[in-house]
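Student: Sharing a structure here in structure tokens format.
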Amino acid sequence: YCKWCKVNNFKSKLPDDVKAHKTAATTENMRQGTLCDHVWEIKPGEHILPYMDKLFHEAAVEWLITTNQPIQAIDHLSFRKITDIASQVTKGVVIPNCKATQAEIINIFKRQMTRLWEHLNVSAATL
């Protein structure tokens, strides 16, 4: 009977086999599920909030508070430049991470130091 059940892909109805099937099913149901199939990373551009003046104002005030910026930061030209550039985007803004931002700041500093060195070197040579 057991051999015939295996060949014909039939579940055995013998008491010991039924008990084994129930135990296996219970064990399977007791295993904690995972969220891997249900959670995924949202890629930039997939979820863009529609622009509203009120929403922008709230976000700007929240940024001022959470980053401990002075209120005058809203009037700063560089803040205006950022908002003007971002307002032209149609598919969301990709903000670089801290490491990329740090590397860019270091590169700008090095370029500025090189220009300063070249300027001072030229000035010293002409004296």
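For the sequence shown, the working numbering begins at 7 and goes up steadily by one.
Positions of the beta carbon are idealized from the N, C-alpha and C atoms, including for glycine.
Nothing here was measured: the structure is a model prediction, and the numbers come from that model.
1) Let me make sure I understand the geometry here. Which of 74, 10 and 93 has the alpha-carbon closest to that of residue 58?
2) Could you tell me the alpha carbon to alpha carbon distance between residue 100 and residue 76, rounded to whole angstroms?
3) Report the start-end ranges of each beta strand (DSSP E) in the stretch 60-98 that is 3 residues or longer and not cut off at the edges.
4) Alpha carbon to alpha carbon, how far is residue 125 from residue 111?
5) For residue 86, I'd like the list of residues in its chain whose CB is within less than 7 Å of its CB, leaving aside the five on either flank, ordered along the chain.
6) Where do the N-terminal and C-terminal ends of the alpha helix (DSSP H) with residue 12 fall, by residue?
Tutor: Taking the geometry as given:
1) 93
2) 25 Å
3) none
4) 21 Å
5) none
6) 8-13
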